[in-house]
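First the structure, in the form of structure tokens, and then the observations on it.
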Amino acid sequence: MKTDLLIIGSGPAGLQAAIHASRKKIKVVVAGKVGNSSLKRAKVENYCCGELLSEGWELLEKGCMQSQNFGVIFKKEDIVKIEDKKNGFFYIELESGENFEAKAIIIATGVTKNTLNVKGENKYHGKGVSYCVECDAGFFKNKKVAVVGNGSAAAMGAILMEAYAKEVILIYKQLDISEKLKQRLDASSIVQVSSQWVKEIKGDEEKMTSCLLIDDKSIEVDGLFIERGAKSAVELFSALSVELDKETYSYIAANKKQETNVAGIFAAGDICGPPFQLAKAVGEGCVAGIFASDYVKSKEF
Amino acid sequence: MLRTDLKHIESNSELEDVLKNNANVMICCGRMGPMCIPVYGVMQDLESKYPHVQMRDMDFDIPVASFIRGLPVCASFMGLPFTVYFKNGKVVKATSSIQNKKQIIEILDEVFKN
Ligand SMILES: Cc1cc2nc3c(=O)[nH]c(=O)nc-3n(C[C@H](O)[C@H](O)[C@H](O)COP(=O)(O)OP(=O)(O)OC[C@H]3O[C@@H](n4cnc5c(N)ncnc54)[C@H](O)[C@@H]3O)c2cc1C
Numbered sequence: 020m021k022t023d024l025l026i027i028g029s030g031p032a033g034l035q036a037a038i039h040a041s042r043k044k045i046k047v048v049v050a051g052k053v054g055n056s057s058l059k060r061a062k063v064e065n066y067c068c069g070e071l072l073s074e075g076w077e078l079l080e081k082g083c084m085q086s087q088n089f090g091v092i093f094k095k096e097d098i099v100k101i102e103d104k105k106n107g108f109f110y111i112e113l114e115s116g117e118n119f120e121a122k123a124i125i126i127a128t129g130v131t132k133n134t135l136n137v138k139g140e141n142k143y144h145g146k147g148v149s150y151c152v153e154c155d156a157g158f159f160k161n162k163k164v165a166v167v168g169n170g171s172a173a174a175m176g177a178i179l180m181e182a183y184a185k186e187v188i189l190i191y192k193q194l195d196i197s198e199k200l201k202q203r204l205d206a207s208s209i210v211q212v213s214s215q216w217v218k219e220i221k222g223d224e225e226k227m228t229s230c231l232l233i234d235d236k237s238i239e240v241d242g243l244f245i246e247r248g249a250k251s252a253v254e255l256f257s258a259l260s261v262e263l264d265k266e267t268y269s270y271i272a273a274n275k276k277q278e279t280n281v282a283g284i285f286a287a288g289d290i291c292g293p294p295f296q297l298a299k300a301v302g303e304g305c306v307a308g309i310f311a312s313d314y315v316k317s318k319e320f
Numbered sequence: 127m128l129r130t131d132l133k134h135i136e137s138n139s140e141l142e143d144v145l146k147n148n149a150n151v152m153i154c155c156g157r158m159g160p161m162c163i164p165v166y167g168v169m170q171d172l173e174s175k176y177p178h179v180q181m182r183d184m185d186f187d188i189p190v191a192s193f194i195r196g197l198p199v200c201a202s203f204m205g206l207p208f209t210v211y212f213k214n215g216k217v218v219k220a221t222s223s224i225q226n227k228k229q230i231i232e233i234l235d236e237v238f239k240n
């Protein structure tokens, strides 16, 4: 399906961008799970002109309704792949396999911590513990590995690992993935350990050797991939050479129009760096929505 | 070739040259992936602040990279990039996988004290 603008992320930055862009009469699709916005659990009392105390989830619900009223299409799935088609369109793939071609993209993925914060994690980071299946899969050829996480990144990571490892175990509390992705997982040889989580990573000082689960069962593995939530923006966009901020190299660098260094790609909200505040996310979303729609309209496709 | 603004090491002679002629050398051996790019970025940023340290990157998949991959200190490494710090041609520290700016500064200050 072709669209003018695809917004990755349905938090306040993505929703505000969607509202402003759709009012400029361009075709807007928003991808992402609203429930994964960091605003979902917040109780906000520092957002101008709202209630004295606003529930984050209520604000998100209203934002979705507003956007839908302006014709925004929602895809409640994570994005797993983005490519520049070099013909004026970006190719974007959802976790179910459904795909889009968009003239412009706004990255509004927020920031999620990918660490588990458990004993042994730092010690064995790079020595069995990895945060990127695509980067490090090759080190685990014919080995036994586990992937931990509830979202699409863990499920996709486990599926990818199947091609390398001799055994893959997926550890999760509760999966939050599309039906199609779940079917792929069920059809694979991946061992699923549900209602579980990793509470400690153990090793022989040189490298990790096992992980201890919350029920105190130990699983012997050569590697553990920590893949919480969805694929991060840095992972999704590194192949497109989108520049990171010069201070920490953890966030997407954007100018005052919320443009990145790549034409047609904009960014807004927490993914552009601190302060991590609703008001900033909404402000940047507004700017990104306006300039992304101007970009779409200025192009002769 | 890696798309960074760092000086690259692409041959054995370049590697020998940098290790022989410089007391303090940091080499980051990786690919253009999300765990490597932030490390190259930090190195680019720190290059001018650490003029006494020669900073280089190296493509993980070219022949000369077998030198880094084969170092005993890297034997248990299973995460890109492999970053190795040399003092007078000898390995003094090595890390596997992504490191943030604070971690890299700590290592530089520790191993390359003026
Ligand atoms: C507990 C808590 C309390 C807070 N309290 C306050 C407060 O009182 N006041 C205040 O101003 N701020 C507060 N904040 C911060 C505020 O919630 C954030 O600054 C704001 O939500 C950032 O908006 P965002 O749209 O950039 O990112 P988020 O709201 O995090 O939304 C990111 C969106 O991107 C989606 N996404 C991520 N990866 C992908 C992918 N690969 N594909 C598709 N979609 C993806 C997610 O599903 C989500 O929908 C709080 C945050 C937390 C966690």
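Chains as they are written, first to last, in my numbering: chain A, 20 to 320; chain B, 127 to 240.
The beta-carbon is built from N, C-alpha and C at its ideal position, and this holds for glycine as well.
Note that the coordinates shown come from a computational prediction; the quantities given were computed from them, not determined experimentally.
Cross-chain neighbours of residue i in chain A, by beta carbon under 8 Å
{"i": "residue 163 of chain B", "result": "253, 257, 263 and 268"}
{"i": "residue 221 of chain B", "result": "145"}
Rounded Cβ spacing between residue i and residue j (contact assumed at less than 8 Å)
{"i": "residue 121 of chain A", "j": "residue 58 of chain A", "result": "Their Cβ separation, rounded to whole angstroms, is 24 Å, which puts residue 121 of chain A and residue 58 of chain A out of contact at 8 Å."}
{"i": "residue 37 of chain A", "j": "residue 47 of chain A", "result": "5 Å"}
{"i": "residue 180 of chain B", "j": "residue 151 of chain B", "result": "5 Å"}
{"i": "residue 314 of chain A", "j": "residue 123 of chain A", "result": "5 Å"}
{"i": "residue 63 of chain A", "j": "residue 75 of chain A", "result": "6 Å"}
{"i": "residue 156 of chain B", "j": "residue 186 of chain B", "result": "5 Å"}
{"i": "residue 112 of chain A", "j": "residue 118 of chain A", "result": "5 Å"}
{"i": "residue 133 of chain B", "j": "residue 195 of chain B", "result": "Between residue 195 of chain B and residue 133 of chain B the Cβ distance is about 20 Å, and since that is not below 8 Å, they are no contact."}
{"i": "residue 162 of chain A", "j": "residue 222 of chain B", "result": "Not quite, the Cβ-Cβ distance comes to about 16 Å (not below 8 Å), so this is no contact."}
{"i": "residue 130 of chain A", "j": "residue 250 of chain A", "result": "Not a contact, Cβ separation roughly 13 Å."}
{"i": "residue 257 of chain A", "j": "residue 240 of chain A", "result": "Actually they are not in contact, since the Cβ atoms of residue 257 of chain A and residue 240 of chain A sit about 27 Å apart, beyond 8 Å."}
As assigned by DSSP and simplified to three states, the class of residue i
{"i": "residue 187 of chain B", "result": "coil"}
{"i": "residue 277 of chain A", "result": "coil"}
{"i": "residue 223 of chain A", "result": "coil"}
{"i": "residue 129 of chain B", "result": "coil"}
{"i": "residue 302 of chain A", "result": "helix"}
{"i": "residue 88 of chain A", "result": "helix"}
{"i": "residue 176 of chain B", "result": "coil"}
{"i": "residue 130 of chain A", "result": "coil"}
{"i": "residue 45 of chain A", "result": "coil"}
{"i": "residue 195 of chain B", "result": "helix"}
{"i": "residue 158 of chain B", "result": "coil"}
{"i": "residue 153 of chain A", "result": "helix"}
{"i": "residue 196 of chain A", "result": "coil"}
{"i": "residue 242 of chain A", "result": "strand"}
{"i": "residue 286 of chain A", "result": "strand"}
{"i": "residue 256 of chain A", "result": "helix"}
{"i": "residue 181 of chain B", "result": "strand"}
{"i": "residue 150 of chain B", "result": "strand"}
{"i": "residue 137 of chain A", "result": "coil"}
{"i": "residue 206 of chain A", "result": "helix"}
Within chain B, the residues that residue i reaches when beta carbons sit closer than 8 Å
{"i": "residue 226 of chain A", "result": "202 and 204"}
{"i": "residue 283 of chain A", "result": "In chain order: nothing, as chain B lies at least about 19 Å away."}
{"i": "residue 242 of chain A", "result": "204"}
Per-residue contacts from residue i into chain A (C-beta, under 9 Å)
{"i": "residue 129 of chain B", "result": "260"}
Under 7 Å from the C-beta of residue i: neighbouring residues of chain A
{"i": "residue 239 of chain B", "result": "Residues of chain A passing the Cβ test: none, with the nearest at roughly 24 Å."}
{"i": "residue 250 of chain B", "result": "Because chain B is modelled from 127 through 240, residue 250 of chain B falls outside the range shown and cannot be assessed."}
To be precise: take each residue of the segment 201-214 of chain B, compare its Cβ to all Cβ atoms of chain A, and keep it if any distance is under 7 Å. Which residues remain? Here the close residues are 202, 203, 204, 205 and 206.
Residues in the segment 148-163 of chain A having any Cβ partner in chain B nearer than 8 Å: Residues 148, 149, 150, 151, 153, 154, 155, 158 and 159.
Chain A contacts made by the segment 133-167 of chain B, where a contact means CB separation under 9 Å: Of all residues in the segment 133-167 of chain B, only 156, 157, 158, 159, 160, 161, 162, 163, 164, 165, 166 and 167 come within less than 9 Å of chain A when Cβ atoms are compared, listed by chain position.
Residues of the segment 170-183 of chain B with a CB closer than 8 Å to any CB of chain A: list them in chain order, please. Only those residues of the segment 170-183 of chain B whose C-beta falls short of 8 Å from the nearest C-beta of chain A are listed: 171.
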